[in-house]
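Below you'll find the structure, written out as structure tokens, and then a few comments.
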Amino acid sequence: MKVILSTLNAKFIHTSLAIRLLKAYSGHEFDIELAEYTIKDPVMNIVSDLFERRPDVIGFSCYIWNIEETLKVINIVKKVMPEVQIILGGPEVSYDTGYWMERAQDVDFIVMGDGEETLHHLLQVIEGDRKFHFVYGIAYRKEEEVIINPPRPKSDLNSLPSPHRFPEDIPNLGKRIVYFETSRGCPFQCQFCLSSIENGVRYYDIERVKADIMYLIDNGAKVIKFLDRTFNINHSYAMEMFKFLIENNRGCIFQFEITADIMRPEVLQFLADNAPVGIFRFEIGVQSTNDPTNVLVKRRQNFEKLSRTVSIIKNSGRIAQHLDLIAGLPEEDYDTFRKTFNDVFALRPEELQLGFLKMLRGTGLRRDAEKYEYTFMDHAPYEILGSHKLSFADIVRLKRLEDVLEKYWNAHRMDYTLNYLMKHEFDSPFDFFQEFGDYWEGQGWQKIGHQLEDLFSRLSAFLTQRGVKRKAVVLGLMKLDYFLNHKYKPRKIWWESPITKDEWSLALHSVIERPEAVSGGFAELKLGERELHKHAMLEVLPFSLQDVLEGGTGDAGETEGERTLLMVLYQQDNSDQPSFYTMQLPAANPV
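Start counting the sequence shown at 48; every next residue gets the next number (the working numbering).
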């Protein structure tokens, strides 16, 4: 019996841990192939590939991001291969299973919950006596009736074979994200999350986990993303793993979901002192700082402790942090969400993701949707359209904010400019992103693409239309950010009136004659005129850049006629990152 286990990933770089777990468990008894596609692949291409493989059974792993495309594939598969048995599994179909069996008439079976033992038993019965009523954890069809069997007890994780040892995966380990779990389950009961349904946490033996990770690193893995819902819930397990990964990383990057307010001080200090820069990335779900909201969704969270953890990690400069918010939770209106956003943005995470509440099947909030007057999409991803506190008009506005947040803050194209604007020109970060997002939408820019220069010119157009108190300072910071966005000396600029050739020549001679007056150890580079012509960009800024970078407004320099020579150098080390230097120019200086 030929079995294909398949899924539609969001992108090529993603891999499916689920189908590898299933193959590892059943591959010794059945002829199993893995077939991964993406949600962007044409449906006919997917069906054609499956058809060429001549399967007897196809199993699809289903999530909110792929279920609709998966159903389209199944519909055509059943038309061209009506004899093929179709099995669905995964979190999207493990709840409201009767609905899926009714909606997707081409589906023969659904596996609910942990799939390894259940699928294995199901495949044995399909090939054998077909007595499906003995297979716990499945739904199946008996003539016109849908039968849903009792659930299967949870698996002992240490009885499951490793899903990470397939030779055919080795060529792509360095090109894709490897998904990895050290545990299943979650101790918390957040009512918007599927993890709240499974009580308790089960762990893999830590020595087995270490052996699998070393195998992956030895074979070229570059990024490993841990799927544990709360990686640090078991403090000793997490600490041992952090130490192991620090000692054995070999440049591999590890991503974790952590709960920041329970991170112990000794763990924090260890990471701050010992984690190599860039190998760890933490994802932290904050969701809301509104206390009534957190009570209603059963989310225990100490924001003060969370803030302390995030700040210590950020100040260490060693670990990038990605913080999540959810708009649309109960009792969270536009104004309280503004406060939530500003509370979290004040921590200045490297990334702040604004998501919108999704009414996932099986969650408490979906069950209580009527209580909070939720309207939401009928099909996945079930995103809300409104609630008792947040109107559709509010959601539309927040979508505009999200758009520019992604393009500007999370992409880190203008950190100096944005930090200055949010501190000195706007009432709060939320107000900056919201006003800019509204303007962006009003210009119709959401309908067209953009190059790097477009992002700068569009922000400039917005600020010109709105008006800013210190336009020269903002323009100077935008110039600095633009230069820093290039690996090589840029050939074009987006602003009018760049430094003239005469000013460039005078500035260059000032630098060559007085290298000790240039900041940041520039004199030690001992660069001559030829190297500077080739690798330097120069601009004269009509304010003290040093004052601004230290938190000042730049007003003092403006009133006193103080100016700064900004010099950005490219290709001076192996990092491919430009570096910048400054030189103070008194008002009397002819440059």
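Note that beta-carbon positions come from the ideal geometry of N, C-alpha and C, so glycine has one too. Keep in mind the model is a prediction, meaning the values are calculated, not measured.
Check	Outcome
Starting from the Cα of Leu527, find the closest Cα among Glu472, Lys436, Leu465, Ile253 and give me that residue.	Leu465
Given a cut-off of 8 Å, decide if Leu370 and Val344 are closer than it, judged by their beta-carbon atoms.	no
Classify Tyr146 as buried or exposed, calling it buried when 16 or more other Cβ atoms lie within 10 Å of its own Cβ.	exposed
Would you kindly report the start and end of the unbroken alpha helix (DSSP H) that includes Val357?	350 to 363
Identify, in the order they occur along the chain, each residue of the same chain with its Cβ nearer than 7 Å to the Cβ of Pro637, setting aside the five sequence neighbours on each side.	Low confidence applies to Pro637: its pLDDT is 47, below 50, so where it sits in the model is not reliable enough to give any reading.
Leaving out five residues on either side along the sequence, give the residues of the same chain with a beta carbon under 8 Å from the beta carbon of Asn122.	Asp153
So for Asp623, helix, strand or coil by DSSP?	coil
Which term fits Lys272, buried or exposed, when burial requires 16 or more other beta carbons within 10 angstroms of its beta carbon?	buried
Give the range of the alpha helix (DSSP H) segment to which Ser507 is assigned.	499 to 513
Thinking C-alpha only, which one of Lys518, Trp487, Asp485 is nearest Glu472?	Lys518
Going by Cα to Cα distance, which pick from Tyr187, Met261, Met288 is closest to Ser230?	Met288
From the DSSP output, in three-state form, read off Glu576 for me.	helix
Assuming Glu586 contacts Leu613 (C-beta within less than 8 Å), just tell me the rounded distance between them.	5 Å
Just the C-alpha distance for Pro218 and Glu116, rounded to the nearest angstrom, thanks.	28 Å
Who does Ala82 pair with in a DSSP beta bridge?	Ser53
How far does the alpha helix (DSSP H) with Ile253 in it reach, from first residue to last?	253 to 265
What's the gap between the Cα of Asn205 and the Cα of Gln493?	49 Å
Can you tell me where the beta strand (DSSP E) with His167 in it begins and where it stops?	Per DSSP, His167 belongs to no beta strand (DSSP E); it is in the alpha helix (DSSP H), 163 to 174.
Between the alpha carbons of Pro200 and Met424, how many angstroms are there, rounded?	33 Å
Since Leu585 sits in a beta bridge, which residues does DSSP pair it with?	Met614
To which residues of the same chain is Ala583 closer than 6 Å at the C-beta, ignoring the five residues directly before and after it?	Met614, Leu616
With a 10 Å radius around its C-beta and 16 neighbouring C-beta atoms as the bar for buried, classify Asp155 as buried or exposed.	buried
Candidates Asp203, Gly375, Leu376, Thr356: which alpha carbon is nearest Ala367's?	Thr356
Can you name, in chain order, every residue of its own chain whose Cβ lies under 8 Å from the Cβ of Pro545, other than the five neighbours on each side?	Glu586
So, for Ser63: in the same chain, excluding its five sequence neighbours on each side, which residues have a beta-carbon less than 7 Å away from its beta-carbon?	Thr54, Asn56, Glu83, Ser108
Classify Val164: buried if its beta carbon has 16 or more other beta carbons within 10 angstroms, exposed otherwise.	At residue 164 the sequence reads Glu, which differs from the Val that was named. Buried, by the Cβ-count rule.
Where Lys470 and Pro312 are concerned, what is the direct C-alpha to C-alpha distance, given to the nearest angstrom?	31 Å
If you draw a straight line from the alpha carbon of Asp103 to that of Val94, how long is it in whole angstroms?	14 Å
Note down the Cα distance separating Leu169 from Val182, rounded to an integer number of angstroms.	6 Å
Which of the three DSSP states is assigned to Phe15 in this structure?	Outside the displayed span of the chain (48 to 638) sits residue 15, for which this structure offers no information.
Given this structure, state the Cα-to-Cα distance separating Asp338 from Phe350, to the nearest angstrom.	10 Å
Between the C-alpha atoms of Gly411 and Gln619, what's the straight-line distance to the nearest angstrom?	56 Å
For Arg297, which residues in the same chain have their Cβ closer than 8 Å to its Cβ, ignoring the five residues on either side in sequence?	Ile264
Taking contact to mean at least 3 C-beta pairs separated by less than 8 Å, is the segment 386 to 397 in contact with the segment 416 to 431?	no
Using a threshold of 8 Å, state whether the C-beta atoms of Glu488 and Arg513 are closer than that.	no
Based on Cα-Cα distance, which residue from Arg408, Pro129, Asn92 lies nearest to Glu430?	Arg408
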